[in-house]
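Only one structure is covered here, and it is reproduced in the block below.
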Amino acid sequence: MGLQAYLTLAAVVFCIGLFGVMTRRNTIGILLGIELMLNSVNINLVAFARYLGDVTGMVFTVFTICITVAEAALGLSIVILLFRVRRTVTADQLDLLKG
Amino acid sequence: MSGEVLAFWALAIVLVGSALAVVLTKNLFHAVLWLALALTGTAGVFLLLEAEFLAAVQLLLYAGGIVTIMVFAIVVTERLVGERISQTSRRIGAGAVVAAGLLALLVRTVAQQRVPPTPPEMPGELTRTIGQTVLTQFVLPFELLAVLMLAGLMGAIYFARPDD
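Going line by line, the protein sequences match chains A and B. Once you know that position 51 of the first sequence is 51 in the numbering used here, the rest is easy, because the numbers rise by one and skip nothing. Each number in the numbering used here comes from the position in the second sequence (counting from 1) with 99 added on.
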């Protein structure tokens with residue numbers, strides 16, 4: 001398989017994740033979409049590293065995976081805190097900052 | 100060669116199908132389980148690209164860690180809210196148009212590039228090379244990552260603390 005096949009696959013998964021982020025009402029659902037997007041970027045990095053014979057892309061994938069885990073843990077703790085304070089699951093109802 | 104092509108298409112179908120299920124299914128719990136399948140499929144893609152170490156990290160951290168946290172968060176918030184969390188989507192048409200437009204742009208750009216058709220031979224043991232690169236060339240980002248992890252850990256504990 002050529003590099004373009006992997007890049008296209010990653011683009012498809014990225015756009016599906018973007019669709020999820022834009023259309024989901026639930027905050028955890030939005031986080032799931034973000035996970036998909038971050039995940040597809042990792043496919044790109046590893047594919048480029050493999051096809052260019054340069055290990056840097058794989059090192060960066062290790063870094064992005066770690067950062068994604070930290071992001072998920074913080075995002076979900078924020079969601080739990082929001083639920084505790086506002087008692088709602090819907091992103092549209094979290095309009096505390098609305099002027 | 101034909102085995103590789105077959106494996107790629109099987110993984111692509113699993114990955115795209117489970118990703119679609121993540122963003123389309125009504126039940127949030129099922130969405131998380133579909134996400135676990137999508138992340139496992141990505142680990143398969145990494146294996147196909149001969150990055151065994153990254154496939155292992157992907158399974159341990161993503162499919163193991165993140166999915167566990169997500170399930171935990173759903174269970175906790177369901178108990179707090181006191182009702183089963185289902186999720187609906189809004190503005191599906193507009194979202195699909197934007198996503199499809201970006202996809203067309205990306206695919207067109209990718210198709211226009213001249214890329215190396217076949218991967219070169221990777222040098223020796225890839226895992227050893229990754230480890231040596233992390234601890235020599237990228238040692239500063241590696242240490243900063245430790246600080247980020249600590250900050251994230253403290254932030255999560257602070258957010259999730261019991262009420263005073």
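Even for Gly, the Cβ is constructed at its ideal location relative to N, Cα and C.
- A residue is called buried when at least 16 other Cβ atoms come within 10 angstroms of its Cβ; Thr-208 of chain B does not meet this threshold and is exposed.
- Chain-order list of chain A residues neighbouring Thr-139 of chain B: empty, with the shortest C-beta distance near 11 Å, by a criterion of under 8 Å.
- Just so you know, the alpha carbons of Leu-18 of chain A and Met-169 of chain B end up roughly 19 Å apart.
- By the C-beta density criterion, Ala-154 of chain B is buried, having at least 16 other C-beta atoms within 10 angstroms.
- The same chain holds no residue with a CB closer than 7 Å to that of Ile-256 of chain B once the five nearest residues on each side in sequence are set aside.
- As computed with DSSP, Thr-139 of chain B is found in no beta bridge at all.
- For chain B, the residues of the segment 8–31 of chain A that bring a beta carbon within less than 8 Å of one of its beta carbons are Thr-8, Leu-9, Ala-11, Val-12, Val-13, Phe-14, Cys-15, Ile-16, Gly-17, Leu-18, Phe-19, Gly-20, Met-22, Thr-23, Arg-24, Arg-25, Asn-26, Ile-28, Gly-29 and Leu-31, in chain order.
- With contacts defined as CB atoms closer than 7 Å, Cys-15 of chain A and Leu-202 of chain B qualify as a contacting pair.
- In this structure, the straight-line span from the alpha carbon of Glu-224 of chain B to that of Met-22 of chain A is close to 41 Å.
- When the Cα atoms are used, Ala-49 of chain A and Val-113 of chain B turn out to be separated by approximately 23 Å.
- The beta carbon of Thr-176 of chain B sits closer than 7 Å to some beta carbon of chain A.
- Per the coordinates, the alpha-carbon of Glu-177 of chain B lies some 46 Å from the alpha-carbon of Thr-235 of chain B.
- Note on geometry: alpha-carbon atoms of Ile-173 of chain B and Ile-229 of chain B lie some 36 Å from one another.
- Residues of chain B whose Cβ lies closer than 7 Å to the Cβ of Thr-61 of chain A are, in chain order, Leu-153.
- One alpha carbon belongs to Gly-164 of chain B, the other to Leu-97 of chain A, and they sit about 32 Å apart.
- Here Thr-235 of chain B carries a coil assignment [DSSP, helix/strand/coil].
- Contact of Met-1 of chain A with chain B by beta-carbon distance below 7 Å involves Glu-103, Val-104 and Phe-107.
- Met-58 of chain A: member of the alpha helix (DSSP H) spanning 56–86, first to last residue.
- Taking 7 Å as the cut-off, the Cβ atoms of Thr-61 of chain A and Asn-39 of chain A do not count as close.
- In this model, Leu-7 of chain A and Met-253 of chain B are separated by some 36 Å (Cα to Cα).
- Under the DSSP assignment, Val-214 of chain B falls outside any alpha helix (DSSP H); it carries neither an H nor an E label.
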